[in-house]
Structure formats: structure tokens, C-alpha cells
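Engineer:
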Amino acid sequence: MKSPLFQNFTRAEWQQLHQNGPSVYTIERLSDLVSLNDRLSQKDVKEVYGPLVDYIDMVYQNQVRLLKEKRAFLVSKEPVRKTLPPFIIGICGSVAVGKSTTARVLTQLLEQFYPDLTINYMTTDGFLYPNAELERRNLMSRKGFPESYNMQLLLDFIKQVKVSDEPVQYPVYSHYIYDIVKDEYELIQNPDILIIEGINVLQLPQNQEIYVSDFFDLSIYVDAKQELIRQWYIERFDMLMDLAQQEPDNYYHEMSKWPRNQAHEYARKVWREVNLVNLNEHILPTRDRADVVIHKTTNYYVDKIAVRKY
10 MKSPLFQNFT RAEWQQLHQN GPSVYTIERL SDLVSLNDRL SQKDVKEVYG
60 PLVDYIDMVY QNQVRLLKEK RAFLVSKEPV RKTLPPFIIG ICGSVAVGKS
110 TTARVLTQLL EQFYPDLTIN YMTTDGFLYP NAELERRNLM SRKGFPESYN
160 MQLLLDFIKQ VKVSDEPVQY PVYSHYIYDI VKDEYELIQN PDILIIEGIN
210 VLQLPQNQEI YVSDFFDLSI YVDAKQELIR QWYIERFDML MDLAQQEPDN
260 YYHEMSKWPR NQAHEYARKV WREVNLVNLN EHILPTRDRA DVVIHKTTNY
310 YVDKIAVRKY
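For reference, each letter of the sequence shown is one residue, going 10 to 319 in the working numbering.
What follows is the structure, encoded as C-alpha cells:
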């Protein structure tokens, strides 16, 4: 990155960074964590994510120390939560760039690194408006754009996660049916570290006095050139079509019967009119707000990492 806000590292430089000597990280059944059409190897885990876990640990330990000292200094007359607020990591980036893989790998590695801590991972997909509501608002073609999310619900959720000791529920989204699952919820139960992944987590929606990112203790942006993301999106779409052919209840089942060139034309149209526009107008502008930028090149290979200087 050319921004003066960041210190840039090649992969070779990054893999040399450690707190207390090199750490050895491996993940069993690594393929289970990799998103559709993404790529990840044990070498990536060691060279990219190992140093990242060490960096996260440094930030986490400093945050825990600060919170404990604040509690000791500020004798509160009001009830405070019994445990420290969770350390929240936000992960952002375009569709098809591999955010989910990054989030799942970090979850596994942090569970190894902190065996006595509770690590939770979630996405913001559950805060999309249901399809029926998007239809009512004439927003189905804008699904994924800021206005398609119930941002107030997301903000209220994160506030409760930060201030309450009680479990906090959030709606479940299914990529199988491409919609919110009615009357189904997941629970976040007082974790020590919470990883929140979504295209919208660093955005600054209009007419809001407080933002999702205000609650983050660390944020990560997963980056790549647009032509590569477009290629990965089309390749992932192809794989989704292949899977949907065998699943009659899948949202894409009928489309999977189309001639593949017709389906490709549809995918290219969605990329041009939805995903690319959303990337340029709402996602990419948030990159400089991240604390860490992971840059990918051909075959999802991480070649550069940038870290905010302050």
C-alpha cells in the first residue's frame, strides 16, 4: 500500500516477525476451513497467520492490561460486567476475496494460542434484511449494499456484547436459501475474543452517530486487485452452480439448469452492477481504516501485509 499510514512488509519480511521466537502453527483438517474456491496451505498458516497471531496477542494483552487498570482507577457506582468486555476483531473485504477463510483460520489459531479463552466467530450476514423486506423496500438488487442491512440491529447487538455478561442472540442467514432463517438465532455467550466478518464492518453509514467499527479492538482488511476478485467470483459462482444441480431446495437450483454461458452472463452482470459498484463505493474506501491489510495475488497467495503505524 502506498498510504503513509501503513508500514509495508513483503511476505518474506513478515514471516520473520515473532514476539518470543518463531511459533509453530499447524491446523488439522485445514481444508474444512477453506471457503469455496479459496486456497490455503500449512505454509500460509505458518508464514502469514503465525506472525499475525503474535501481533494480535500483543494488541490483546495491552488491551486487557488497560481495561484492568481503568477498572482499578475508575471506581464505579454503577454495576459493571463481571468479566472484561470481549476483544473484538473485525474482518472486511470484497465478496469472493477469502474473508471467511481468514476468519476461520484465525479462530482456530487463537483457540490454540489461548486454550483457556473462549473464541467466537460470526458473520454480519444475519443482519441483512429478510428478502421479503428487501422486496418491500425495492432493495433486492442492492443486497449487500449498506442500505440492505439492519445496521441499528447490528449496532444494538454489538453494544450488548460489549457491555453485558448475558448471552446475546442474532439472526441466522442461510446461503443455501439466500435468506434469513425465520425464528432461528445464534448466541454469543460472553467470549473473550469475538471475530466478526463481513463486507460492511468498516463502513460509515450516513446519519449514524456511532459505527460498528467503534467497537472493534483490531480490524483486518483482505485485499486483492479487482480483476482477480472478479475471476474468483466467477469461479466460485461456477462451483455454486455445480453444487446446486444436486440440491432441489437450493436457491440457485433452477439457475443451475441454465446453459452455462447464460449463467456466466448473469454472474458477470451481477459482478458489474452489484459487487463491483459496492466494492468501489463502499468497501474499498474503508481499507485505510483497517489496522492490518492482507494482500492476495494470483491463486489467493498472500504476497504483502500492511500494518497501521499508529
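Idealized CB from N, CA, C, for every residue including glycine.
A quick note: this is a predicted structure, and the numbers were derived from the prediction, not measured.
(1) Where are the alpha helix (DSSP H) runs, 4 residues long or more, that stay fully inside the segment 11-45, in chain order?
(2) Rounded to whole angstroms, what is the Cα-Cα separation between residue 17 and residue 292?
(3) Quick test of your reading: residue 222 and residue 99, contact by CB under 8 Å. State the CB separation rounded to the nearest angstrom.
(4) DSSP on residue 137, reduced to helix/strand/coil?
(5) Going by the beta-carbon positions, is the gap between residue 46 and residue 256 smaller than 8 Å?
(6) Which residue's Cα is closest to the Cα of residue 231: 294, 68 and 149?
(7) Are there 16 or more other CB atoms within 10 angstroms of the CB of residue 276, so buried, or fewer, so exposed?
(8) Using DSSP with H/G/I as helix, E/B as strand and the rest coil, what is residue 234?
(9) Contact defined as beta carbons within less than 8 Å: I believe residue 43 pairs with residue 111. What is the distance between those atoms, to the nearest angstrom?
(10) Here's the rule I'm using: 16 or more other beta-carbon atoms within 10 Å means buried, otherwise exposed. How should residue 263 be labelled?
(11) With distances taken Cα to Cα, identify the nearest neighbour of residue 180 among 272, 87, 56 and 134.
(12) Look up residue 275 in the DSSP assignment and give the residues it is bridged to.
(13) Given a threshold of 16 other Cβ atoms within 10 Å of its Cβ, counted over all protein chains shown, does residue 82 qualify as buried or as exposed?
(14) Between which two residues does the beta strand (DSSP E) carrying residue 129 extend?
(15) Compare the C-alpha of residue 207 against each of 101, 229 and 123 and name the closest.
(16) Reducing DSSP to helix, strand and coil, say where residue 252 ends up.
(17) Can you give me the C-alpha to C-alpha distance between residue 115 and residue 124, rounded to a whole angstrom?
(18) Taking only the alpha-carbon atoms, compute the straight-line gap between residue 39 and residue 50 and give it to the nearest angstrom.
(19) When the Cα atoms are used, what is the spatial distance from residue 190 to residue 182?
(20) Secondary structure at residue 96, three-state DSSP: helix, strand or coil?
(21) Using three-state DSSP, classify residue 121 as helix, strand or coil.
(22) Are residue 300 and residue 213 closer than 8 Å when you measure CB to CB?
(23) Please state if the CB of residue 122 and the CB of residue 66 are separated by a distance shorter than 8 Å.
(24) Roughly how many angstroms separate the alpha carbons of residue 238 and residue 177, rounded to a whole number?
Structural biologist: Inspection of the coordinates gives the following:
(1) 20-23
(2) 21 Å
(3) 6 Å
(4) strand
(5) no
(6) 294
(7) buried
(8) coil
(9) At roughly 10 Å, the Cβ-Cβ gap does not stay under 8 Å, so residue 43 and residue 111 are not in contact.
(10) exposed
(11) 134
(12) Note: residue 275 sits in no beta bridge, so no partner.
(13) exposed
(14) 128-132
(15) 101
(16) helix
(17) 14 Å
(18) 8 Å
(19) 6 Å
(20) strand
(21) helix
(22) no
(23) yes
(24) 34 Å
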